[in-house]
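**Student:** Per the UniProt record's numbering, residue 1 is the first one in the sequence shown, and the count goes up by one each step. Even for Gly, the Cβ is constructed at its ideal location relative to N, Cα and C.
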Amino acid sequence: MLAYRYFGDVRFLKRSEEIVSQVLGKQSREGWFLEYDGADPGYQSLCMYYLSRYQCLNPTEKLATALDNSVEFLAWFSHPDGTLGGEYGSRRTNIFYPGGLSILGQSNSQASGIVLNASRGGESGLAVSLSDVDMGNLAPLSENQIALSENLQNMLPPAPLPFSRKRSFRVFLEAGMVAVGYSKYYAIVGLRNGGVLKVFSKDMQKVVVDNCGYVGVTGRNKKITTQISQDYSILVNSENRIVFKIQFYELLDAVPTPFRMILLRVLNLTVMRNVRMGNFIKKILVRLLISKKKPFPATLTRDIQFSEQEISITDVVETDAKSKSKGFRSLFFGHRFVGLHMASSRYYPGLSAKNTPEVTIDGNELDRSVKELSTAGETTLKWNVDFRHYIANENTHDK
């Protein structure tokens, strides 16, 4: 659109309208824009920056409505500690680009609320900032910070965000995300990403559960995980209980080797200098590192029950007879990790890495579960989060 403004060539105008139309065509009825396999709040904020800039140059009612719907969706994934997004998104990003929301904040008070909440996270050191990112994200994040400084004083007073309500509940079935809030906590469940569960204490304004799913190693040394973007089955769906079933997949854990690094550098200096060839090779790499999915014959049924003071979780892991005969060497869960290759999701988590009280499971319980999987083909793990406990002593772990 800027090229059309500068050069007056109508071809630039038509092409910009085509691109925006394509983007809007991939917006879900729930308000999110498609990022690989689904919704990703972090990268959605960057998408909204470019769309809001376009709206300023070539405003349309259709785009204005799309942006308002996008703000409504994004508001549910602003956290009490000032962060936004995370491993429950399709690209696992928790980086926030404030420029677009600051533009929209001049007419949308909920956008103002998202921006100011994220600014608080940046000031506390919990959110990803310019000092954390690599060169690839330095330019767009810097541009967004400049836009924020230009628009901050013109934003409307912020509207309350969903996490600030005494009671909130929303299921986004297409995105595969659930947000549940009570007076003491705010929880987000990533159904589509293997049951990721993030829980925030409102009193402490910090994350107290950062459970990114299961990782296991089979008897044949094959790594498996639930944290792969996938279809899911909801068995129970209510405001105080959700039960869903998901699949284990082989873990996408390709790492650089000297040969791979040399090959990539040679490609960068030769065939990838051609735009079409570069995009073609990029698609191949995305398929190998992100989109390639190989199911493993094991499932997780997670039952989460919410109440005013407590969250109770029951996990049932099952495997078939063939996998049972091969055995399991280990099974882990309860920690933060990323189950695919996505550079923008792996920034150092700041102070939250030191200040997160983790809900843990006794090591003996995990050992028992591994033995049960190898003998009976099924195991059950139960754990809970008691918020009376966290209020009394924030440094004590629940088990």
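1) For Gly181, does the three-state DSSP call read helix, strand or coil?
2) Taking contact to mean 3 or more Cβ pairs, one atom from each stretch, closer than 8 Å, check whether the region 92 to 100 and the region 35 to 54 are in contact.
3) Please classify Lys399: is it buried, with 16 or more other beta-carbons within 10 angstroms of its beta-carbon, or exposed?
4) On the DSSP letters alone, give me the boundaries of the alpha helix (DSSP H) that Gly377 sits inside.
5) Excluding sequence positions up to five away, which residues of its chain have a Cβ less than 7 Å from the Cβ of Glu310?
6) Quick one: what's got a C-beta closer than 7 Å to Leu116's C-beta in the same chain, skipping five residues either side?
7) Arg302 bridges to which residues according to DSSP?
8) Whose C-alpha, out of Leu104, Lys166, Tyr232, is nearest the C-alpha of residue 408?
9) Using the Cβ count rule (16 or more neighbours within 10 Å means buried), how would you classify Cys56?
10) Please tell me whether Gln145 and Arg241 are closer than 7 Å, where the distance is taken between their beta carbons.
11) Could you check where the beta strand (DSSP E) with Ile103 kicks off and where it finishes?
12) Could you check what DSSP says for Val255 in three-state terms: helix, strand or coil?
13) Straight-line CA distance for Thr226 to Arg5?
14) Give the straight-line distance between the Cα atoms of Val178 and Leu191, rounded to the nearest whole angstrom.
15) Going along the chain, which unbroken runs of the alpha helix (DSSP H) with 4 or more residues stay wholly within the region 83 to 132?
16) Let me check one thing: in DSSP terms, what residues is Leu21 bridge-paired to?
17) Would you check if the distance between the CB atom of Ala66 and the CB atom of Pro162 is smaller than 7 Å?
18) Would you decide whether Phe259 is buried or exposed? Buried here means 16 or more other CB atoms lie within 10 Å of its CB.
19) Where do the N-terminal and C-terminal ends of the alpha helix (DSSP H) with Asn211 fall, by residue?
20) Verify whether the separation of the beta carbon atoms of Gly122 and Ser129 is less than 7 Å.
21) DSSP three-state call for Gln227: helix, strand or coil?
22) May I ask you to list the residues that DSSP assigns as paired with Gly190?
23) Can you tell me where the alpha helix (DSSP H) with Val275 in it begins and where it stops?
24) Rank Pro98, Gln110, Thr83 by C-alpha distance to the C-alpha of Glu72 and give the top, closest one.
25) Is Pro80 closer than 7 Å to Phe169 when the C-beta atoms are compared?
26) Find out if the Cβ-Cβ distance for the pair Phe332, Cys212 is shorter than 7 Å.
27) Would Pro98 be called buried (16 or more neighbouring beta carbons within 10 Å of its own) or exposed?
28) Do three or more CB pairs link the region 367 to 384 to the region 284 to 293 at distances below 8 Å?
29) Using only the alpha-carbon positions, how far apart do Tyr347 and Gly339 sit?
30) Using DSSP with H/G/I as helix, E/B as strand and the rest coil, what is Gly42?
31) Following the continuous beta strand (DSSP E) through Gly136, name the residue where it begins and the one where it ends.
32) Near Met1, which residues of its chain fall below 6 Å by C-beta distance, leaving aside the five closest residues on each side in sequence?
33) Determine the burial state of Glu318: buried for a count of at least 16 other Cβ atoms within 10 Å of its Cβ, exposed for fewer.
34) Suppose the cutoff is 6 Å on Cβ atoms and the five residues either side in sequence are ignored; what does the same chain contact list for Phe248 look like?
**Tutor:** The answer reads as follows:
1) Here Gly181 sits in strand by DSSP.
2) Under the three-pair Cβ rule at 8 Å, the region 92 to 100 counts as touching the region 35 to 54.
3) Because the pLDDT at Lys399 is just 42, under 50, the model does not fix this residue reliably, and the value given afterwards should be weighed accordingly. Classification for Lys399: exposed.
4) Counting along the chain, Gly377 falls outside any alpha helix (DSSP H), and DSSP gives it neither H nor E.
5) Asn384, Val385, Asp386, Phe387
6) Pro158
7) The partner list for Arg302 (beta bridge, DSSP) reads Phe244, Asp315.
8) For the chain, the structure presents residues 1 to 399; residue 408 sits outside this window and is missing.
9) Classification of Cys56: exposed, given that the 10 Å Cβ count is below 16.
10) no
11) Taken as a continuous stretch (DSSP letters only), Ile103 belongs to no beta strand (DSSP E), being part of the alpha helix (DSSP H) at 99 to 104.
12) DSSP places Val255 in the coil class of the three-state scheme, outside both helix and strand.
13) 48 Å
14) CA-CA distance, Val178 to Leu191, rounds to 8 Å.
15) 99 to 104, 109 to 124
16) Here residue 21 is Ser; the residue named in the question, Leu, does not match the sequence. DSSP, once it has assigned bridges, lists no residue as partnering Ser21.
17) Cβ atoms of Ala66 and Pro162: not closer than 7 Å.
18) exposed
19) For Asn211, no alpha helix (DSSP H) segment is defined; the enclosing uninterrupted segment is the beta strand (DSSP E) at 206 to 211.
20) yes
21) coil
22) Met177, Val196
23) 275 to 286
24) Closest by C-alpha distance to Glu72, out of Pro98, Gln110, Thr83, is Gln110.
25) no
26) no
27) buried
28) no
29) 14 Å
30) In the displayed model, Gly42 falls within a helix according to three-state DSSP.
31) First-last for Gly136: 135 to 151, but that is the alpha helix (DSSP H), not the beta strand (DSSP E).
32) Ser16, Tyr54, Leu57, Asn58, listed in sequence order.
33) Its Cβ being crowded by 16 or more others within 10 Å, Glu318 is buried.
34) These residues qualify, in order along the chain: Ile224, Thr226, Phe296, Ala298.
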